[in-house]
Amino acid sequence: MNVNFFPIAWFKFEKDDPTKTTVLSISNKLMVRNSKFSLRIHVENGTNNHILKIQNIQKTDIAIYRCVVMCDDANSDANTSADVELDVNRPPVISDASSPTLVNAMEGQFSRLECYADGFPEPRVTWTRENNGILTTGGNFYRGNVLRFYNVTKDDRGIYFCNIVNGIGGGVRRIIDFRVTFSPVITVSKIMYSHREPLKRNLDVQCLVEAYPTPKIEWLYNGVVLPNDNHDYKIMENTTAHQFAYSALTFLKIDNERIGKYTCKAQNTIGTAEVTAIEHQDLEQVKKRTHQERTRTYFGFNIYGLSPYL
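Residues in the sequence shown are numbered consecutively from 1, following full-length UniProt numbering.
Laid out in structure tokens, this is it:
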């Protein structure tokens, strides 16, 4: 059978929807009114060549193009065809729908970060962490569209980077804020100093709380919440980055009425934690040291380099 005696047609099949078909040409006639398409036909050594040309290639031209030799109009199975898949080199473009920039997870549960991009050649995804931190996979980087956390911990929280390249252009990056909800974890410290007033010892108790959501911090004296309107002490609070909250209890006066048990308590929607910061022996120690300093100064020895009382 000599196919040179049969008409030849070009068809365009959309890759996303193959049922959407466009007839581009039949025999020597273009069937579309679009200047970007042209048809060239020439015969060489007895071979009939139908060449479809596409100018100014765009993303919309991505498709499967089929050349069909129509041997029998009544029987499509007798036709002969060949497909040419056309793709277009293009830089990566991140898919917003499947690549969220904020992910919330619960401590102890499974979670994942996802990042996808369109482009040709197929984009390659690499995960890294802020300050070159260690990933849950154990290294400083991970290749793949999905970064999995099989047992989320509070130390997994932070900023992650989805880095995407495919050799076209300079690549793109997406920043993902990974937030972990966890109950408060408290660290307390005690500082005694004397720079406020000569011969007067003061005591600061500092309470640092890791928690998300942001916790409510309270100071308790013998189990009773301390109000922040007392002349004998003051309470300062602050919230820092990376889910840290800070509270400091400063004693401005130490006497027998202040002796007792002081506790830092933090609570959020996940849980509650409390740590006894100081008890009566801590205050007794401050009182004792203050008394010793005053006694030594009275007898003529001044550790602050000031004139002794007369």
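Heads up, the beta-carbon is just placed ideally off N, CA and C, and yes, glycines get one too.
Contact between E114 and V165 is absent: CB atoms are separated by about 18 Å, not below the 8 Å threshold. With contact defined as three or more Cβ pairs closer than 8 Å, the segment 80-96 and the segment 150-160 are not in contact. For P91, the enclosing beta strand (DSSP E) starts and ends at R90 to I94. Taking the C-beta atoms as reference points, V172 is found no nearer than 9 Å to V188. Within a 10 Å sphere around the beta-carbon of V88 sit fewer than 16 other beta-carbons, which makes this residue exposed. With the rule of 3 Cβ pairs closer than 8 Å, the segment 172-186 does not count as touching the segment 218-230.
Inside the UniProt domain "Ig-like" (92-181), DSSP marks no whole alpha helix (DSSP H) run of 4 or more residues.
CA-CA distance, A63 to K36, rounds to 15 Å.
In this structure, DSSP gives K59 a helical state, which the three-state scheme calls helix. Beta-bridge partners of V32 (DSSP): none assigned. Relative to the Cα of E218, the nearest Cα in the group L203, I54 and A273 belongs to A273.
The beta carbons of K216 and Y233 sit no closer together than 9 Å. Between Y262 and E279, the CB-CB gap stays under 9 Å. Between the C-alpha atoms of A245 and Q267 there is a straight-line separation of about 11 Å.
With contacts defined by Cβ atoms closer than 9 Å, I186 and L203 do not form a contacting pair. Comparing alpha-carbon positions, the option among S99, G271, D155 and I57 lying closest to N34 turns out to be I57.
For the pair D229 and T276, the Cα-to-Cα distance works out to about 21 Å. One Cα belongs to R129, the other to P123, and the distance between them is close to 20 Å.
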